[in-house]
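Novice: Chains as they are written, first to last, in the UniProt record's numbering: chain A, 1 to 295; chain B, 1 to 363; chain C, 1 to 294.
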Amino acid sequence: MTAETQPRGRKPRRLTASRIGIYAFLVFAAAFFLLPFYVMIVTSFKTMPEIQQGNIFGLPTDFTLKPWSTAWAHACTGVNCEGIRVGVLNSFEIMIPAATLSILLGAINGYALSFWRPRGGNLIFAVLLLGAFIPYQVYLYPLVRMLSKVSLYNTLPGIITVHVIFGLPVMTLLFRNYYVAVPVDLFKAARIDGGGFWTIFFQLMIPMSGPILVVAAILQVTGIWNDFLFGLIFAGRDHLPMTVELNNIVNTTTGTKAYNVNMAATILTALVPLIVYFVSGRWFVRGIAAGAVKG
Amino acid sequence: MEPSVSVRDLRISYGALDVIDNLQLDITPGEFLVLLGPSGCGKSTLLNAIAGLIDISDGEVWISGKNVTWDEPKDRGIGMVFQSYALYPQMSVEKNLSFGLRVARHSKKDIAERVSRAAEILQIEPLLKRRPSNLSGGQRQRVAIGRALVRDADVFLFDEPLSNLDAKLRVDLRVEIKRLHQRLRSTMIYVTHDQIEALTLADRIAVMHGGEIQQLDEPLTIYNRPCNMFVAGFIGSPAMNFFDGRLVAGQDGPIFEGQGFATGLAGYDGNGPLPVNRDVILGVRPEHVLFDRDAAGQPAEVEAVVELEEPMGADSLVWLTYGEAKLSVRCASGKRYRPGDRVPIAFDITRASIFDTQSEKRL
Amino acid sequence: MKPLRLRRLSAQVALVPTWIIVIFAYIGTILWTIRISFTSSGILPKYDFVGFKQYDRLFQSSRWTISVENLAIFGLIFVIGCLVLGFLMAVFLDQRIKGEGIFRTIFLYPYAMSFIVTGLVWAWILNPTLGIQQAVQNWGWHGFTFDWLSRGDRAIYLVGFAGMWQSAGLVMAILLAGLRGVDEDIWKAARVDGIPPWRVYLSIVIPMLSSMFVTAVVLLAIAVVKVYDIVVAMTGGGPGISTEVPAKFVIDYLFNRQNIALATAAASVMFVAVLVVLGPWLYNQYFRQDRRAS
């Protein structure tokens with residue numbers, strides 16, 4: 001044997017077939033997931049005549065920003081041509097108070113259920129847990145009737161209420177699971193120091209809830225923004241959220257379809273959750289794991 | 001005799017950081033070698049390198065006369081036991097033991113024989129049908145040892161196998177492992193940070209620190225003649241007492257001059273003649289401090305003040321102050337000492353160690 | 001310090017809003033819905049009692065049976081597609097590859113977007129006149145046809161496919177977290193045992209992740225039952241009624257076709273179906289765990 005064949009040091013890495021296969025799969029998968037986004041973007045910069053030629057995957061040859069301005073300010077839903085901008089404002093008006101309220105209520109619930117063990121706590125928890133899994137269709141009609149009774153149907157407070165109601169299970173679960181992991185000795189120590197329900201909540205629990213508040217915010221902001229069903233039914237004509245406006249614009253039956261405007265409007269609608277996603281990074285994954293309602 | 005395991009010029013680096021640099025280690029067949037050191041000293045890294053579980057940057061690993069540097073772990077003739085047991089959770093004990101053999105397409109008969117032999121040796125026959133989740137920690141670790149056993153390996157590697165067990169079980173299983181070694185006479189390499197495990201189990205101990213083997217010797221040599229301050233301080237509980245001082249020439253050879261006391265060094269078991277006029281540190285283990293009645297009449301007897309006493313049943317630890325210095329003494333239990341008591345002490349120089357202050361090496 | 005009972009009182013007071021929601025918005029609405037499903041209500045609720053008449057009508061309505069069939073087809077494609085694709089992505093991402101973060105971000109971003117957006121994008125890509133079909137024809141394959149979106153017998157498959165595109169990343173994220181949780185020593189032990197990686201995944205890792213698979217399946221199954229937005233955006237239920245789904249059936253009959261009794265009957269059927277499927281899982285997940293904890 002010569003010295004060359006004597007194994008020594010790091011084992012030489014060979015680019016094996018399996019390695020190539022792994023990367024090939026990942027690249028193909030990435031292409032598959034990126035394709036729709038790519039198509040959205042290139043379509044939104046094309047003119048309609050170019051789109052009519054049918055090269056959906058081609059880069060725009062006749063680059064234009066017009067679809068974006070149209071989508072923003074002039075796109076029509078039926079006879080109403082105010083663009084998607086109305087929906088943006090509505091979505092924020094709905095999302096901000098609804099997310100804030102549901103997070104606050106969820107935190108109070110989680111805290112009360114995990115530390116104070118109030119009478120009926122298990123019942124609340126069981127109902128909310130089950131409620132999270134039941135299709136919304138079961139609740140809708142009675143809820144419409146109830147909200148009309150108190151004049152909240154088709155109003156901004158009405159749609160906010162609905163979001164708070166249906167955000168409650170996940171929020172409660174999220175905070176309950178988080179607080180259950182907090183050492184109960186900490187709570188006992190605070191009790192011995194004379195802390196009451198609200199003192200302990202605001203001075204001890206909320207300050208140590210940073211991570212879970214972020215997760216809750218991510219879940220609620222994206223969830224409420226992406227909602228279609230409740231917005232359609234409860235928001236009323238003047239407060240339709242962006243998703244509903246978008247669907248109305250795209251699936252309007254009058255006039256010829258302006259695919260470029262549609263895609264620009266679609267991107268605009270997806271923008272807020274996408275920004276949340278890219279900014280939050282790993283937190284979003286944590287949100288998913290938490291939303292996976294693991295007990 | 002050809003070494004059973006031989007590590008030559010080993011270097012392991014992560015990025016620019018060398019975790020282990022130029023390490024040599026030869027282990028004779030049938031030897032029980034313990035790699036001992038604090039966490040982060042590189043002992044587990046070394047074991048994983050021998051197993052082939054991590055990439056090495058340079059050097060060679062030989063097992064049973066074969067260069068296995070580039071071989072997969074399964075081809076190295078090793079069995080390994082992990083700290084977290086690493087049992088396959090969804091398989092019964094029997095399947096855990098036999099899974100590797102089945103994948104390697106051993107005959108049914110062969111598998112059955114090996115499994116039953118391992119089960120017999122480790123006395124886990126009643127557990128064969130159970131899942132790991134239904135076993136206690138000690139039982140799990142037996143199964144993990146069994147999984148290494150069925151491989152008929154030449155060399156067994158243990159990566160802190162007892163660290164997850166409670167104190168009582170740890171003692172039981174320690175004895176069990178020693179018995180196993182006496183029965184199998186295979187080479188065993190055992191990583192631990194527990195000095196008692198090391199002292200009780202090892203034929204030889206390699207004390208590691210900072211990716212280097214500080215001292216490789218038999219347990220008692222390591223204990224009595226630690227080659228440097230690190231080994232001296234790491235082994236032994238409570239730790240060795242250290243006194244700063246200086247070697248000066250005296251009538252009958254060198255004298256150690258400490259702060260407030262001096263002692264002749266007749267009978268010191270050194271590595272050669274002691275130098276003079278050098279700053280040194282005198283190290284004396286708590287049980288080698290002559291105390292109270294034993295110290296009376298000894299040369300260089302001094303008086304220390306009792307700070308507190310910790311009776312431990314078989315013996316007692318007494319913590320003393322002597323001038324600025326604090327020291328601990330192990331003495332027979334029986335007589336009680338109160339804080340403030342003044343007692344004479346002296347040092348058993350024949351079993352003490354003297355270290356160079358600069359190099360921290362034993363003189 | 002206030003007496004114990006008083007301090008518990010503030011916990012009870014804090015839960016009052018939740019009690020109101022639980023009693024009225026959850027329990028009350030469900031009972032109300034079930035009650036109406038046994039009446040002959042049309043546009044407005046009537047509180048007579050006609051027994052199971054609405055349920056008879058429901059199951060004789062082809063619109064409903066088509067909806068249920070579509071739900072099954074959509075569900076199978078969506079759940080199996082997400083599981084297979086998500087699992088493969090998770091395993092391949094777990095192979096110490098370069099650019100893992102980028103791949104993971106790409107695989108998961110569709111999940112941040114709504115089903116409305118998903119449906120609209122895929123409806124555009126799959127557009128039978130200007131979408132993929134035309135693009136491939138322009139590339140030179142003139143005989144190429146891909147017009148499933150306008151074919152009543154095929155459109156629902158595409159809806160399932162688009163749903164898979166949106167949610168596969170979810171499965172990937174859940175399973176990748178699970179794979180990362182597998183004790184490193186297990187992998188080392190398997191290497192010493194000489195077990196090839198694919199075999200480790202098959203025989204050791206997948207069984208270890210079974211609870212995560214169940215979680216993923218439950219999450220996907222909930223999405224299946226609730227599926228509504230993506231159909232509205234992608235096909236509007238068409239061509240004809242070929243891509244109708246139960247959730248859409250309920251909404252349509254509640255708000256457009258003005259037959260609330262039939263709609264609530266359909267909703268009640270959905271409710272019972274979900275209970276039957278989810279009951280065992282919920283029990284397993286929460287109540288058995290409580291027992292273990294205590």
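Yeah, the Cβ is synthetic: ideal placement off N, Cα and C, and Gly gets one too. What you are looking at is a predicted structure, and each value in this text was computed from that prediction instead of being measured.
Are there 16 or more other CB atoms within 10 angstroms of the CB of T61/A, so buried, or fewer, so exposed?
Specialist: Result: exposed.
Novice: Quick one: Cα of Y228/C to Cα of G106/A, how far?
Specialist: So the alpha carbons of these two residues sit roughly 26 angstroms apart.
Novice: Could you tell me which whole alpha helix (DSSP H) segments of length 4 or greater appear in the stretch 146-199 of chain A?
Specialist: Within the stretch 146-199 of chain A, the complete alpha helix (DSSP H) runs of at least 4 residues are 156-180 and 184-192.
Novice: Rounded to whole angstroms, what is the Cα-Cα separation between K326/B and F256/B?
Specialist: Rounded to whole angstroms, K326/B to F256/B spans 18 angstroms at the Cα level.
Novice: Secondary structure at G279/C, three-state DSSP: helix, strand or coil?
Specialist: Helix at G279/C.
Novice: So, helix, strand or coil for W319/B, using DSSP?
Specialist: In the structure shown, W319/B sits in a strand (DSSP, three-state: E or B).
Novice: Between which residues of its own chain and R179/B is the CB-CB distance below 7 angstroms, once the five residues before and five after are set aside?
Specialist: Within the same chain, R179/B has no close Cβ partners at all.
Novice: Please name the residue in E309/B, G340/B, R362/B and A266/B whose C-alpha comes closest to that of D348/B.
Specialist: Of E309/B, G340/B, R362/B and A266/B, the residue nearest in Cα terms is A266/B.
Novice: Drop a sphere of 10 angstroms on the beta-carbon of M312/B, count the other beta-carbons inside from all chains shown, and report buried for 16 or more, exposed for fewer.
Specialist: Result: exposed.
Novice: For the structure I just gave you, are there three or more beta carbon pairs, one from the stretch 41-53 of chain B and one from the stretch 109-123 of chain B, closer than 8 angstroms?
Specialist: In short, these stretches do not touch, since the Cβ pair count stays below three.
Novice: Are the beta-carbon atoms belonging to S203/C and Y88/B less than 9 angstroms from one another?
Specialist: Yes, these two residues count as a Cβ contact at 9 angstroms.
Novice: How many angstroms separate the CA atom of R204/B from the CA atom of Y268/B?
Specialist: Roughly 24 angstroms separates the two Cα atoms.
Novice: Give the straight-line distance between the Cα atoms of A148/B and D193/C, rounded to the nearest whole angstrom.
Specialist: A148/B and D193/C: Cα-Cα distance of roughly 8 angstroms.
Novice: CB V155/B to CB M188/B, shorter than 9 angstroms?
Specialist: Yes, they are a contact pair.
Novice: Return the bridge partner residues of residue 364/B from the DSSP annotation.
Specialist: Any property of residue 364/B remains undetermined from this structure, which presents chain B solely from 1 to 363.
Novice: Would you list, in sequence order, the uninterrupted alpha helix (DSSP H) runs of no fewer than 4 residues that lie entirely inside the stretch 231-259 of chain A?
Specialist: You should have 242-250.
Novice: How big is the Cα-Cα spacing for R130/B and S92/B?
Specialist: If I take the Cα positions, the gap works out to 5 angstroms.
Novice: Assuming F92/C contacts F25/A under a Cβ cut-off of 8 angstroms, what Cβ separation, rounded to an integer in Å, is found between them?
Specialist: With 8 angstroms as the limit, F92/C and F25/A qualify as a contact, their Cβ atoms being about 5 angstroms apart.
Novice: Only counting runs of 4 or more residues, tell me where the alpha helix (DSSP H) segments fall wholly within the stretch 183-215 of chain C, in order along the chain.
Specialist: Counting only runs of 4 or more, we get 184-192 and 197-200.
Novice: In angstroms with no decimal places, state the Cα-to-Cα distance between I77/C and V171/C.
Specialist: Cα-Cα distance, rounded: 14 angstroms.
Novice: With C-beta atoms as the reference, is G52/C less than 9 angstroms away from A29/A?
Specialist: Position check: residue 52/C holds Phe in this sequence, whereas Gly was assumed. No, the pair does not count as a contact, with Cβ atoms beyond the cut-off.
Novice: Can R151/B and G233/B be called in contact, C-beta distance under 9 angstroms?
Specialist: It is not a contact, given that the beta carbons lie outside the stated cut-off.
Novice: For N241/B, which residues does DSSP report across the bridge?
Specialist: Answer is V284/B.
Novice: Spell out the partners DSSP gives Q215/B in its beta bridges.
Specialist: V207/B, per the DSSP bridge assignment.
Novice: Using a Cβ cut-off of 9 angstroms, pull out every chain A residue sitting near Y47/C, in sequence order please.
Specialist: Ordered by position in chain A, no residue passes the 9 angstroms Cβ test against Y47/C, which lies about 13 angstroms from the chain.
Novice: CA-CA distance, V214/C and V175/B?
Specialist: For V214/C and V175/B, the distance between alpha carbons rounds to 43 angstroms.
Novice: In or out: L44/C buried (at least 16 other Cβ within 10 Å) or exposed?
Specialist: With fewer than 16 other Cβ atoms within 10 Å, it is exposed.
Novice: Run through chain A and tell me which residues come within less than 7 angstroms of N138/C, C-beta to C-beta.
Specialist: Near N138/C (Cβ distances below 7 angstroms), the residues of chain A are G54 and N55.
Novice: Give every residue of the same chain whose Cβ lies closer than 7 angstroms to the Cβ of Y111/C, excluding the five residues on either side of it in the sequence, and list them in chain order.
Specialist: Closer than 7 angstroms at the Cβ level, and outside the excluded window around Y111/C, lie Q166, S167, G169 and L170.
Novice: If we ignore side chains and look at the alpha-carbon of each, how far apart do L158/C and P211/A end up?
Specialist: Whole-angstrom Cα-Cα distance: 38 angstroms.
Novice: Excluding five sequence neighbours on each side, which residues of the same chain lie with their C-beta closer than 8 angstroms to the C-beta of P273/A?
Specialist: Here the set comprises V221, T222, W225 and N226.
Novice: Against chain B, does R19/A count as a neighbour if the rule is that its beta carbon must be under 9 angstroms from one of theirs?
Specialist: False, the Cβ-Cβ gap to chain B never drops below 9 angstroms.
Novice: What are the residues that DSSP puts in a beta bridge with V66/B?
Specialist: Note that residue 66/B corresponds to Lys in the displayed sequence, not to Val. DSSP lists I63/B as partners of K66/B.
Novice: Among S359/B, D217/B and F291/B, which one has its Cα closest to the Cα of K335/B?
Specialist: Checked all of S359/B, D217/B and F291/B; the closest Cα to K335/B is F291/B.
Novice: Report the option in G195/A, I275/A and T100/A whose CA atom is closest to the CA atom of A217/A.
Specialist: When only C-alpha atoms are compared, the closest one is T100/A.
Novice: Decide if L363/B is buried, meaning its Cβ has at least 16 other Cβ atoms within 10 Å, or exposed.
Specialist: Buried, because 16 or more other Cβ atoms sit within 10 Å of the Cβ of L363/B.
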